[in-house]
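In our numbering, the protein residues as written are 1 to 186.
The C-beta atom is built at its ideal place from N, Cα and C for all residues, glycine as well.
Notes for the one structure printed next.
Rendered as structure tokens:
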């Protein structure tokens, strides 16, 4: 059965490729707006992404959405450099949560599974010159919370509690388990 990743994210493609090379990427073009807790929003958006790419033949579709949350506030993707700087200052010296909502759907059996994975990440205190140097890399673009743990921002992380690949955008252990639950063995 065909495996489809409903995503525009190169990181998610790269991560899923660690599990299998046999999948198709179908970008989902949805309004990424949801209500409720951050966990509920992440799952709702993941579900909408998967449902948006349903095709005419049977498939297992994976939708995912990742968000960074600190003090009850969701840090989305930075609109610009100043927005990214404000986010990094907010994260500096604090712990935050990274939530990835997953929705896995076997369209042949209509069996679904959903889950929200949480990983807690601790940033050491940052000073303005290192924030500016990080922003000069442009790595913050298109990243929830304005950072990529797998890139230059790794030097900001003093602790992590949970699944590292979740912070990158796709918790591989949980994804593999959900795929198995809907009948797809990798």
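Reduced DSSP secondary structure (H/G/I, E/B, other) of residue i
i, result
"residue 108", "coil"
"residue 149", "coil"
"residue 184", "coil"
"residue 124", "coil"
"residue 78", "coil"
"residue 10", "helix"
Opening and closing residue of the beta strand (DSSP E) in which residue i lies
i, result
"residue 2", "2 to 6"
"residue 160", "157 to 161"
"residue 63", "59 to 70"
"residue 199", "Missing from the structure shown is residue 199; the chain here goes from 1 to 186 and no further."
Close-in-space but distant-in-sequence residues of the same chain around residue i (CB under 6 angstroms, 5 per side omitted)
i, result
"residue 52", "28, 30"
"residue 35", "none"
"residue 8", "27"
Boundaries (first-last residue) of the alpha helix (DSSP H) holding residue i
i, result
"residue 167", "164 to 168"
"residue 20", "From DSSP, residue 20 is part of no alpha helix (DSSP H); its letter is neither H nor E."
"residue 137", "Looking at the DSSP string, residue 137 is not in any alpha helix (DSSP H), and its letter there is neither H nor E."
"residue 82", "81 to 91"
One or two residues paired with residue i in a DSSP bridge
i, result
"residue 131", "According to DSSP, residue 131 bridges with nothing at all."
"residue 113", "104"
"residue 119", "98"
"residue 144", "77"
Cβ neighbours of residue i in the same chain (closer than 7 angstroms, five flanking residues each side left out)
i, result
"residue 45", "32, 34, 65, 101"
"residue 181", "113"
Can you list, in chain order, the stretches of the alpha helix (DSSP H) that have 4 or more residues and sit fully within the segment 25 to 55? 38 to 52
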